[in-house]
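If you count the sequence shown from 1, position 57 lands on 57 in the UniProt record's numbering, and the numbers rise without skipping.
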Amino acid sequence: MYHPTGPANLPHDVWTLIAGRTAAQSVRDLCSLRMSCTAARNAGEEDIVYQFASIPIWDQRWWSMSPMRQAGRNFLARCMQSGNLEVLFRSAVSDLFLGGSRLAGMETMQVGAAQDHSAAQYTVSMMLMLRDDFESKNKGLQTFHVLEAAGALTICKLVFHDVIQGTWTHMRRLPMVNAENLVCSSHACPSRGNMGAIYRSQRYGRGWDLNDGDGGAAHIPCVHCRADYELILFVHLFD
Ligand SMILES: [Zn+2]
């Protein structure tokens, strides 16, 4: 019997909204929804649904790596094409630190950073500051300064930490911070060279110390030294 007000007769935009909201909660629920009727299946094909799909980190890792998961890989590829920033960020982390192409990883990370994904901005900033040349360090420092002023560092570190800790330890390609490539190079700076000691006292005195507002190097007036402190934290996110 024909039901003019039945769910299958909802406008496409409404179905798209429903599919988008469902995808933002659970990809599995989205799959069930798409199988319910033609209208839902069509709405589930819209870019915006892929753009905001929320994929558990273990699923993304498993789909990316297992040759058996072609459907999952296709889904991830659609998410990337549709501008899903979380999927893009994780993929860039994987390329940068887990054996993909570093160059491609950095380029993808910069795409995410340009679209205001703050964890991508944070990662770009750290990677630039770890380089040896002044220009890269300076660019990285500027982004670091913006994130610090916005109070965004803690959440960025938590997001990055989640992604990198969702991988196998033996696969990680660790960034290094050496004494000679630290950001503060002023011999007149009274705090220069002390960030490692502050890090150790924070970490071993209080346990994990991702929270910037609570101790750390926030009291140090030199922004270059605070950046160095964050670089030390950054490389220890891989521990
Ligand atoms: Zn300094």
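Glycine included, every Cβ here is placed at the ideal spot set by N, Cα and C.
Source: prediction; values computed, not measured.
query, result
"Is DSSP giving S136 helix, strand or coil here?", "helix"
"Ignoring anything shorter than 4 residues, give me the alpha helix (DSSP H) runs that lie fully in the stretch 136-200, in order along the chain.", "153-165"
"Could you tell me whether the Cβ atoms of A113 and V183 are closer together than 9 Å?", "no"
"Measuring only the C-alpha atoms, how far is M1 from C37?", "Low confidence applies here, because M1 scores a pLDDT of 47, under 50, leaving its location unreliable; read the following figure in that light. Rounded to whole angstroms, M1 to C37 spans 16 Å at the Cα level."
"Within its chain, find whatever has a CB closer than 6 Å to the CB of S94; leave out the 5 residues flanking it on each side and keep chain order.", "G100"
"For T108, which residues from the same chain have a beta carbon less than 7 Å from its beta carbon, with the 5 sequence-adjacent residues on both sides left out?", "L88, S91, A92 and D95"
"Would you kindly work out how many angstroms separate the C-alpha atoms of M106 and V124, rounded to a whole number?", "7 Å"
"Once you ignore the five residues that flank C189 on each side, which residues in its own chain have a CB closer than 8 Å to its CB?", "C222, H224 and C225"
"Residue range of the alpha helix (DSSP H) that S91 falls in?", "L85 to F97"
"Return helix, strand or coil for V14, following the three-state DSSP convention.", "helix"
"CB of R192 to nearest heavy atom of ligand 1: below 8 Å?", "yes"
"In whole angstroms, give me the CA-to-CA distance for C31 and A40.", "10 Å"
"Since M65 contacts L231 with CB under 8 Å, what's their CB separation in whole angstroms?", "M65 to L231, Cβ: 29 Å. No contact."
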